[in-house]
Amino acid sequence: MTRFSAWSVFRNGLKGQRDWDRQWRDPEPRHEYDIVIVGGGLHGLATAYYLAKNHGLKNIAVVEKGWLGGGNGGRNTTIVRSNYFMPGNRQFYEHSLELWEDLSHELNYNVMFSQRSHISLLHSPAAMDAAARRYNTMRLTGSDGEIWDLNTLKANVPHLNYSADARFPIIGAAVQKRAGTARHDAVAWGYARAADSLGVDILQNCEVTGTTREDGRITALETSRGTIRAKKVGFAVAGNTTRLWQMAGFSTLPIESHKLQAFVSEPLKPLLDQVVVFGVGGAHFYISQSDKGGMVFGGDIDWYKSYAQRGNLPIVQDVAECAVSILPCLGRVRLLRHWSGVMDMSMDGSPFICKTPLSNLYLNAGWNYGGFKASPASGWYFADLIANDRPHQHIEHFTLDRFDRGINIDERGAGPDPKLHG
Ligand SMILES: Cc1cc2nc3c(=O)[nH]c(=O)nc-3n(C[C@H](O)[C@H](O)[C@H](O)COP(=O)(O)OP(=O)(O)OC[C@H]3O[C@@H](n4cnc5c(N)ncnc54)[C@H](O)[C@@H]3O)c2cc1C
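Residue numbers (numbering that gives the first Met the number 0): 0 to 421.
Put into structure tokens, the structure is as follows:
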């Protein structure tokens, strides 16, 4: 495969762009693999890449029922941050952010990671105090964070609604400057290309429809492209986790599938140079501006469970209200597109990267709203788990039995209802 470089761009320019290779192969499924990762989203692709890269493993396949990035990986609002508070979460997400910072070089693919700052608006002295506690803890444990007063915020983000008559007047902000956005499709393509170059077979249009189990193990996957035998299997199917779980012979999981919508406006001239989050009094809203000028924004999940990849109109209204209340200048801007993805919402808003009751089946799920930022570390630690058959200490609480063991990694302390973890 051609390595991307200034020289290869120049050389191919002289040759009429005829010498570029396919980004990844399109192989026929083999009869058997050592490791099969189900789900060609960001987490599945990253896992396959790190299995090959970090652990030197061969004979790996990623099976994807549709096309790469057709799931949540290519549907999100692309926010990357590591402003977590709870022990375990902090180390995990900070590691993820560090991987993001070098990802374009690591994959030899421009994922357009833009560290443009993540700004959480604050609306009361109590919120300022809580943010100071959280961001001080982040700083003390190796991450970055700042608290801005109103004047600093106004100087940096001039177009927000600073009216003292607003329902929730803004009084400051919590800021992580190393946070930002990335191009989600490029992340999927970059991991796929890099994994393929290390020998991973990426099998698109290959839906897992059932499993064969013997002696507490999965021995084969039934797929739309035939039976594939596997020595180890990893599930990384986000909103479809409960379906795959049933195919593996289990009943319930502490996960519900909900829809989350994303919205893009018509392109505008440069307006917003950061990611801004507005969350108070029931409002939940986040917005940034894409490189093409569209305002990219989103809000809460739709309030019912579904596997459909489309959302409902009340949330459109809800999100539009948040948009104009925080950025009134958007009032006459037209919405260009909106779509939805199926979220794997867990009962405590936290993920699972863990072993399962089947000895060769590993689970990666429960990413809620936050799996995009997590994808490099998720792949890194899931690969480590599958390769070594034991959890790394940073994911030791990302287990299915944490509810029985009373382990609290719930970042928001919101309680056992997925709807509260938006
Ligand atoms: C609208 C929206 C906005 C979001 N915004 C953010 C954000 O700003 N920041 C952030 O950090 N996170 C965000 N997220 C969450 C993030 O996108 C997800 O948590 C993350 O992408 C999930 O991991 P994934 O990419 O591997 O999932 P997916 O891309 O969904 O991958 C799972 C794959 O499994 C495949 N699959 C399912 N069933 C089968 C089967 N039976 N056989 C084979 N393949 C199968 C699917 O086709 C899919 O491609 C957002 C999500 C949405 C929907």
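Yeah, the Cβ is synthetic: ideal placement off N, Cα and C, and Gly gets one too.
Might you give, ordered along the chain, the residues of its own chain that have their beta carbon closer than 7 Å to the beta carbon of residue 88, omitting 5 neighbours on each side?
-> 408 and 410
Would you kindly work out how many angstroms separate the C-alpha atoms of residue 256 and residue 8, rounded to a whole number?
-> 43 Å
Spatially closest choice to residue 241 from 375, 252 and 355, by CA coordinates = 252
Which residue spans inside the region 80 to 167 form an unbroken alpha helix (DSSP H) run of at least 4?
-> 88 to 100, 102 to 106, 124 to 139 and 149 to 155
Could you give the distance in angstroms between the alpha-carbon of residue 437 and the alpha-carbon of residue 95?
-> Residue 437 lies beyond the residue range present for the chain, which begins at 0 and ends at 421; the question has no answer from this structure.
Report the option in 280, 49 and 244 whose CA atom is closest to the CA atom of residue 299.
-> For the set 280, 49 and 244, the Cα lying nearest the Cα of residue 299 is the one of 280.
Whole runs of the beta strand (DSSP E) within the region 328 to 356, excluding any shorter than 3 residues = 334 to 345 and 351 to 354
Out of 309, 315 and 379, state which residue places its alpha-carbon closest to the alpha-carbon of residue 340.
-> Closest option to residue 340, Cα to Cα, is 309.
Are the Cβ atoms of residue 430 and residue 366 separated by less than 9 Å?
-> Residue coverage of the chain in this structure runs from 0 to 421, which leaves residue 430 outside it and unanswerable.
Please confirm if the region 110 to 117 is in contact with the region 126 to 142, defined as three or more CB-CB distances below 8 Å between the two stretches.
-> no
Hey, quick one: how far does the alpha helix (DSSP H) through residue 377 stretch, first residue to last?
-> 370 to 387
Should residue 37 be listed as close to ligand 1, given that the test is whether its C-beta is under 8 Å from any heavy atom?
-> yes
Do you know offhand how far residue 334's Cα is from residue 263's?
-> 6 Å
Apart from the five residues on each side of it in sequence, which residues of its chain come closer than 6 Å, Cβ to Cβ, to residue 394?
-> 352 and 380
For residue 109, which residues of its own chain have a beta-carbon under 6 Å away from its beta-carbon, when the five flanking residues on both sides are left out?
-> Residues 103 of the same chain have their beta carbon placed closer than 6 Å to that of residue 109, with the five preceding and five following residues left out of the count.
Figure out for me which residue from 199, 217, 24 and 354 has the closest Cα to the Cα of residue 207.
-> Scanning 199, 217, 24 and 354 for the CA closest to the CA of residue 207 turns up 217.
Sequence ranges, alpha helix (DSSP H) only - wholly within the region 263 to 325, length at least 4 = Within the region 263 to 325, the complete alpha helix (DSSP H) runs of at least 4 residues are 312 to 325.
Report yes or no: do the region 164 to 184 and the region 67 to 80 share at least 3 C-beta pairs separated by less than 8 Å?
-> yes
When 84, 111 and 182 are compared against residue 135, the one with the closest alpha-carbon = 84
Give me the Cα-Cα distance between residue 146 and residue 152, rounded to the nearest whole angstrom.
-> 10 Å
Check the C-beta distance from residue 197 over to residue 52 and give it rounded, since I have them as a contact under 8 Å.
-> 6 Å
Determine the direct distance from the alpha carbon of residue 226 to that of residue 243, and round the result to whole angstroms.
-> Straight-line measurement puts the Cα of residue 226 at about 16 Å from the Cα of residue 243.
If you measure from the CB of residue 205, is any heavy atom of ligand 1 nearer than 8 Å?
-> yes
Taking residue 265 as the reference, which of 232, 336 and 305 has the closest Cα?
-> The option with the nearest alpha carbon to residue 265 is 336.
Please name the residue in 0, 56 and 343 whose C-alpha comes closest to that of residue 259.
-> 343
Please report the residue range of the alpha helix (DSSP H) in which residue 186 lies.
-> Start and end: 183 to 196.
Looking at the unbroken alpha helix (DSSP H) that takes in residue 203, where does it start and where does it end?
-> Per DSSP, residue 203 belongs to no alpha helix (DSSP H) and is neither H nor E.
Expressed to the nearest angstrom, what Euclidean distance is found between the alpha-carbon atoms of residue 124 and residue 347?
-> 27 Å
Report back the beta-carbon spacing between residue 181 and residue 113 to the nearest angstrom; my notes put them in contact at under 8 Å.
-> 7 Å
Express the C-alpha separation of residue 6 and residue 390 in angstroms, rounding to a whole number.
-> 42 Å
Nearest chain B C-beta to residue 402 closer than 9 Å, yes or no?
-> Any reference to chain B falls outside this structure, which holds one protein chain only.
For residue 210 and residue 62, believed in contact at Cβ under 8 Å, the rounded distance | Their Cβ separation, rounded to whole angstroms, is 12 Å, which puts residue 62 and residue 210 out of contact at 8 Å.
Does any heavy atom of ligand 1 sit closer than 8 Å to the C-beta of residue 347?
-> no
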